[in-house]
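When the count follows the numbering used here, it moves up by one through the sequence shown with no breaks and lands on 105 for the last residue. Here the structure is laid out as structure tokens; the discussion comes afterwards.
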Amino acid sequence: MLAVITPDRRCHAPHLGASLSLALRVNRMHPVFRQAEDVGTAEDLLSVLDSDERGPWVLSPAQLGVLTRAMDVRNALLPSAARYYPDFDAGIRAAHSRSRHPRAT
């Protein structure tokens, strides 16, 4: 199940893309990804965010998982980053949760 992450009208989209890219770049200095596939997913996602900083972004469950872990590291190392776009971050976390526990139809 893919999730569409769309920047909020109240936020400047490139700032959101930069915030997510920062989360993935911080991981290079403080790695949390141990599996090669997670590292590859993070690098692929970073290239997507670098090439399209405005969104919307269509993310797979694996990308959402990598992104939420990267956001956790970013928020731990740069606590002020968590305050910039809390609703946007919460939306990504909710999409990740939905991708792991889809509703039964």
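Beta carbons are placed, not taken as given, at the ideal position from N, Cα and C, and that holds for glycine. Quick caveat: nothing in here was measured; it's all calculated off a predicted structure.
Count the other C-beta atoms from every protein chain shown that fall within 10 angstroms of the C-beta of residue i, then say buried if there are 16 or more, exposed otherwise.
i: Leu77; result: exposed
i: Gln63; result: buried
i: Val58; result: exposed
i: Met71; result: buried
Find out if the Cβ-Cβ distance for the pair residue i, residue j is shorter than 8 Å.
i: Arg74; j: Val26; result: yes
i: Ala95; j: Ala3; result: yes
i: Asp5; j: Pro86; result: It is Ile, not Asp, that sits at residue 5 in the sequence shown. No, these two residues do not count as a Cβ contact at 8 Å.
i: Val84; j: Ser21; result: According to the sequence provided, residue 84 is Tyr. The question's Val does not apply to it. Not a contact, by the Cβ cut-off of 8 Å.
Can you look up residue i in the DSSP assignment and give me helix, strand or coil?
i: Leu78; result: coil
i: Val32; result: coil
i: Leu59; result: strand
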